[in-house]
Amino acid sequence: MSASSDDEFTVQSERHLYKPGDNVTIDGSIWSDLMTSLGNVNTVSIQVKDNDGNMVYDGKGQVDANGKYSTEFQLPSDAKKGAYDVNVTADVSADVLNTLSLKAKDNLESSAKIVVVSPNAMSVQAEGHDFDVQVASNSTSVTNLNFDEQNKKLSFTVQGDAGTKGVTEITIPKSLLNGDLTVMIDGQAMAQSDVVETADTDTETTLELNYHHSTHQIDIVGTNAIPEFGTLTSVALVVSVLTLVVVSSQIKRIRL
């Protein structure tokens, strides 16, 4: 997001949903015309408070020649759950501040929110095996987690107060579902901007899903469902039979 005449001072977080102990990146920009009118802005002050008003982070961000700034900090391991306020103020001298109008002073501040939640391990079954799926959400409830092996589809239901924004982060083991993942909400493909891949490792994929609260069914469809236990079992059976044939043949030769 870049600042413009309509939005002179921007602030945003890399993600909307965080867990205790996560690293948080805050960045934004100041419109060039505002920079010019202020003379020079080298730093911004960044404060993050939890939903009880406790200060979680109080630091500075360096502003570059293009008016962009950023900072990173780590949430405490015991960070409270809930919505956090992110407030950013352009650092200007008292002399400059005294010359500004009230409206101009308002443009020296910008804010955003992030949500901190604790993840839950939810179990699904496939071919008689249990798989742990990590789910973190600000929704009132996340229920009905189910895996459809035939359609390679992981489904669950989210519910929250209408008029509020919902965010769910889900970590899916690649041993359960992988490949090209498509996310659906109530049977319709979610907008690309509402689906953010926050992590992708050799063993799991983490997606952040953004939506407006109500009661929704979320479906995540992959191109590969692994392990293909039926195939593996068949292969194991063939190997076992061949092994028995070879052993039997050797025994006959010894007797001869």
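This note's numbering applies: residue 9 is where the sequence shown begins, and numbers increase by one.
Just so it is clear, CB atoms sit at the ideal spot from N, CA and C, and this is done for glycine as well.
Keep in mind that this is a model prediction, so the values were computed, not measured.
- Bounds of the alpha helix (DSSP H) holding Val104 are Ala102 to Thr107.
- Residue pairing by DSSP places Pro181 opposite Glu212 in a beta bridge.
- In the DSSP secondary-structure assignment, Val52 is bridged to Gly69 and Ala98.
- Counting along the chain, Thr44 sits inside no beta strand (DSSP E); it lies in the alpha helix (DSSP H) bounded by residues Ser40 to Leu46.
- For Gln200, the three-state secondary structure derived from DSSP is helix.
- Cβ-Cβ separation between Leu184 and Val123: approximately 26 Å, too far for a contact (criterion under 8 Å).
- The beta carbon of Lys68 sits closer than 8 Å to those of Thr51, Val52, Ser53, Ile54, Thr79 and Asp99, all from its chain and outside the five residues before and after it, given in chain order.
- According to the DSSP assignment, Glu16 belongs to no beta strand (DSSP E), since it is labelled neither H nor E.
- Judged by their CB atoms, Phe17 and Leu42 are nearer to each other than the 8 Å cut-off.
- The shortest C-alpha to C-alpha distance from His224 to any of Asn152, Thr179, Asp188 and Met130 is the one to Asn152.
- C-alpha of Ser149 to C-alpha of Ala170: approximately 13 Å in a straight line.
- Below 8 Å, too few C-beta pairs join the region 193-209 and the region 129-143 to call them touching: fewer than three.
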